[in-house]
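First to last, the protein sequences are chains A and B. 9 is the number of the first residue of the first sequence in the working numbering; add one for each residue after it. 28 is the number of the first residue of the second sequence in the working numbering; add one for each residue after it. We treat Cβ as the ideally placed atom computed from N, Cα and C, and that holds for glycine. Keep in mind the model is a prediction, meaning the values are calculated, not measured.
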Amino acid sequence: MDDQAVIARVQAGDKDSFSMLVERYSHSVFRLAYRMTGNEQDAEEVVQESFLRSYRQLDTFEARASFGTWIYRIASNYALDLMRSRRRDTQWIARADEDVEDAMARIPAADPAVDRVAWSAELRDRIEAALTLLSEQERAAFVLRHYEGHSIEEIGQALGLNGNATKNSIFRAVQKLRRALAPLAGAGLGAR
Amino acid sequence: MRHWTQPEMMLRYYGEDPGRTDVAHLADCEICRSEYSALERTLAELAEYDVPARGDSYPAFVWHRIRPRMAGPVPARRRLPAWLAVAALVLAAFFLGRMGAPAPEQPVASTPGPVRDRVLMVALGEHLERSRIVLVELSNAPDGKAVDISGERASAEDLLATNRLYRQTAAAAGDRGVEDLLEDLELLLVEIAHSPDRISSRELEDVRTRIDSRGVLFKLRVIESRLEASPMEVERMD
Numbered sequence: 009m010d011d012q013a014v015i016a017r018v019q020a021g022d023k024d025s026f027s028m029l030v031e032r033y034s035h036s037v038f039r040l041a042y043r044m045t046g047n048e049q050d051a052e053e054v055v056q057e058s059f060l061r062s063y064r065q066l067d068t069f070e071a072r073a074s075f076g077t078w079i080y081r082i083a084s085n086y087a088l089d090l091m092r093s094r095r096r097d098t099q100w101i102a103r104a105d106e107d108v109e110d111a112m113a114r115i116p117a118a119d120p121a122v123d124r125v126a127w128s129a130e131l132r133d134r135i136e137a138a139l140t141l142l143s144e145q146e147r148a149a150f151v152l153r154h155y156e157g158h159s160i161e162e163i164g165q166a167l168g169l170n171g172n173a174t175k176n177s178i179f180r181a182v183q184k185l186r187r188a189l190a191p192l193a194g195a196g197l198g199a200r
Numbered sequence: 028m029r030h031w032t033q034p035e036m037m038l039r040y041y042g043e044d045p046g047r048t049d050v051a052h053l054a055d056c057e058i059c060r061s062e063y064s065a066l067e068r069t070l071a072e073l074a075e076y077d078v079p080a081r082g083d084s085y086p087a088f089v090w091h092r093i094r095p096r097m098a099g100p101v102p103a104r105r106r107l108p109a110w111l112a113v114a115a116l117v118l119a120a121f122f123l124g125r126m127g128a129p130a131p132e133q134p135v136a137s138t139p140g141p142v143r144d145r146v147l148m149v150a151l152g153e154h155l156e157r158s159r160i161v162l163v164e165l166s167n168a169p170d171g172k173a174v175d176i177s178g179e180r181a182s183a184e185d186l187l188a189t190n191r192l193y194r195q196t197a198a199a200a201g202d203r204g205v206e207d208l209l210e211d212l213e214l215l216l217v218e219i220a221h222s223p224d225r226i227s228s229r230e231l232e233d234v235r236t237r238i239d240s241r242g243v244l245f246k247l248r249v250i251e252s253r254l255e256a257s258p259m260e261v262e263r264m265d
């Protein structure tokens, strides 16, 4: 049964059919949410709230649209809101260029002697630290492009940005990540 | 031959149109080749950023968590077109607003329906326009060490109560699109209203980023144009 048929059944009163959509999309929504928020607890919240919002807004769902695209958009926006509220609460994300330098200094230096497993863990830590340098919008745009493979146009639609703003967000993200990971790029390849 | 810029290289890497066709230059030019290779290496490293695994039972876990919160009737397809939803919102907002307002000189009941509806449309349209102007002024404010936003701050303060009323009414009317827009707008108005009269260029940039990030200006223009186009349709509703 395709997504459209499932949605029709839910709209006809069979709520439990919605579980089929959860079955199909919860893993991918979690991956998106984790990469955007950077932690499992927030990612879980994004997943659950996104499915609930999509259910509650089924009346607005266009029959010709893709449910996958739609729930990704809901999840992206919810994750953005969550990240912003976290920032307001904690003020921990570096927001300006001078803060970027400080944050880069917190990233641990690469150690060429570590073994493969330790290297992977270190790589992960360094990438996670580097991702915190990005603004919420930059991180969302980058994740959707780099990890989820969405086009510039799709990302713009999801985040409410025009084409140039979307490209600029991704470009700023890439620049910051390159600066943060420059000592790392290529350094671990030989060790592996 | 002009070297490739970094944004062009990024677009090329992601398979987007970089706006130039001389791909061979990337291989032939030592500078560009080196730069592009560095970009590829970094982005390849980033591809190794794994996400904590979720088991096969994860969908069932999610379903178990959300199912109890799916109470109430199943959301059915909207029967009203969007413009009718907006009209309903405006009417509801108007009557809610009147409940807390001083008695008018002329009762609404004595006003012909189409005329009243046009007045209501204009009222909401003006609110959205005023809000948009505040955001546009901030977006275009000149940079400086201490930027004076006292005017915009006072306007935001004035607009907050009305915006909250419209948002609550949109929620009650079930118009999530308008509700979401007004919610985004309210967050911005709150932040602006609570800002000092003079802010640093860095803080101003932060405000601009928030304005840009959700496309609020674009959405405001869409709703405004919808309101401008709908009075005749509202007449037919009566």
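Chain A contact residues for Trp90 of chain B, given Cβ-Cβ distances below 7 Å: From the beta-carbon of Trp90 of chain B, the residues of chain A found nearer than 7 Å are Ser27, Val30.
DSSP state of Leu107 of chain B mapped onto helix, strand, coil: Unreliable placement is indicated for Leu107 of chain B, whose pLDDT of 43 sits below 50; the coordinate value is still reported in the next sentence. DSSP places Leu107 of chain B in coil when its eight states are reduced to three.
Nearest-angstrom Cα separation, counted from Gly157 of chain A out to Val249 of chain B: When rounded, the distance between both Cα atoms is 29 Å.
The ligand MN heavy atom lying under 8 Å from the CB of Leu185 of chain A: This structure lacks the ligand MN; in fact it carries no ligand of any kind.
Neighbour list for Glu75 of chain B in chain A, Cβ cutoff strictly below 7 Å: Neighbours of Glu75 of chain B on chain A, chain order: Leu131.
Beta-carbon separation (whole angstroms), Leu88 of chain A vs Leu73 of chain B, contact threshold 8 Å: 20 Å between Cβ atoms; not a contact.
Buried/exposed call for Glu153 of chain B, threshold 16 Cβ in 10 Å: The residue is exposed, with fewer than 16 neighbouring Cβ atoms inside 10 Å.
Arg225 of chain B - partner residues in DSSP beta bridges: In DSSP, Arg225 of chain B forms a bridge with B:Asp175.
Presumed contact (8 Å Cβ cut-off) between Ser93 of chain A and Ile79 of chain A, rounded CB distance: Rounded, the Cβ-Cβ distance is 21 Å, inconsistent with contact.
Cβ pair count under 8 Å reaching 3, the segment 219-227 of chain B against the segment 177-188 of chain B: By the Cβ criterion, the segment 219-227 of chain B is in contact with the segment 177-188 of chain B, since at least three pairs of Cβ atoms, one from each stretch, lie closer than 8 Å.
Whole-angstrom distance between Met36 of chain B and Val151 of chain A, CA atom to CA atom: Rounded to whole angstroms, Val151 of chain A to Met36 of chain B spans 18 Å at the Cα level.
Within-9 Å CB hit, Arg186 of chain A to chain B: For Arg186 of chain A, the answer is yes, since a Cβ of chain B falls inside 9 Å of its Cβ.
Start and end residues, alpha helix (DSSP H) containing Cys59 of chain B: 57-73 is the span of the alpha helix (DSSP H), which, as asked, contains Cys59 of chain B.
Residue range of the alpha helix (DSSP H) that includes Gln49 of chain A: Counted as a single uninterrupted DSSP element, the alpha helix (DSSP H) harbouring Gln49 of chain A occupies residues 48-64.
Beta-carbon proximity list for Ser228 of chain B, same chain, < 8 Å, skipping 5 on both sides: Here the set comprises Asp170, Gly171, Lys172, Val174.
Contacts that Ile93 of chain B makes with chain A (C-beta to C-beta distance below 8 Å): Those are Val30, Gln56, Phe59, Leu60, Tyr63, listed as they occur along chain A.
Selection from A:Phe69, A:Arg147, A:Gln19, A:Gln183 that minimises the alpha carbon distance to Gly99 of chain B: The shortest Cα separation from Gly99 of chain B among A:Phe69, A:Arg147, A:Gln19, A:Gln183 belongs to A:Gln19.
Supposed contact pair Tyr40 of chain B and Glu67 of chain B - C-beta distance, whole angstroms, cut 8 Å: Sure, about 7 Å apart at Cβ, within 8 Å.
Exposure of Arg47 of chain B, with buried meaning 16 or more beta-carbon neighbours within 10 Å: So Arg47 of chain B ends up on the exposed side.
Met37 of chain B: first and last residue of the uninterrupted alpha helix (DSSP H) it sits in: Per DSSP, Met37 of chain B belongs to the alpha helix (DSSP H) from 33-40.
Simplified DSSP state of Ser240 of chain B, which is helix, strand or coil: DSSP places Ser240 of chain B in helix when its eight states are reduced to three.
Cβ-based neighbour list, Asp44 of chain B, same chain, cut-off 6 Å, excluding 5 preceding and 5 following: Annotation for Asp44 of chain B: no residue places its beta carbon closer than 6 Å to its own, counting only its chain and skipping 5 residues before and after.
Three-state secondary structure (DSSP) of Met91 of chain A: Met91 of chain A falls in the helix class under three-state DSSP.
For Met97 of chain B, three-class secondary structure by DSSP: Coil, per DSSP.
Members of the segment 11-23 of chain A near chain B, C-beta cut-off 9 Å: Contact annotation: in the segment 11-23 of chain A, residues whose CB is within less than 9 Å of a CB in chain B are Val18, Gln19, Ala20, Gly21, Asp22, Lys23.
Tyr80 of chain A (DSSP reduced to helix, strand or coil): Of the three classes helix, strand and coil, the one that applies to Tyr80 of chain A here is helix, per DSSP.
Amino acids of chain A, ordered along the chain, whose beta-carbon sits closer than 8 Å to that of Val78 of chain B: Under the 8 Å cutoff, chain A gives Phe38, Arg39, Tyr42, Arg43.
Distance, Ala41 of chain A Cα to Thr32 of chain B Cα: Taking the CA atoms as reference points, Thr32 of chain B sits about 32 Å from Ala41 of chain A.
Below-9 Å beta-carbon distance, Gln145 of chain A vs any chain B residue: Chain B contact via Cβ: present.
Close-in-space but distant-in-sequence residues of the same chain around Tyr33 of chain A (CB under 7 Å, 5 per side omitted): These residues qualify, in order along the chain: Gly76, Ile79.
Straight-line gap, Asp202 of chain B to Gly168 of chain A (C-alpha atoms, nearest Å): So the two alpha carbons sit approximately 19 Å from each other.
CB contact below 9 Å: Val163 of chain B versus chain A: No, because no Cβ of chain A sits closer than 9 Å to the Cβ of Val163 of chain B.
Stretch pair the segment 194-212 of chain B + the segment 129-138 of chain A: three plus CB contacts closer than 8 Å: Verdict: no, contact absent.
Proximity below 9 Å, CB of Leu247 of chain B to CB of Arg191 of chain B: Not a contact, by the Cβ cut-off of 9 Å.
Inter-residue Cα distance where the pair is Asp67 of chain A and Thr174 of chain A: Looking at the two C-alpha atoms, the distance is approximately 29 Å.
Closer than 9 Å to chain A by CB, Glu72 of chain B: At a cut-off of 9 Å between beta carbons, Glu72 of chain B contacts chain A.
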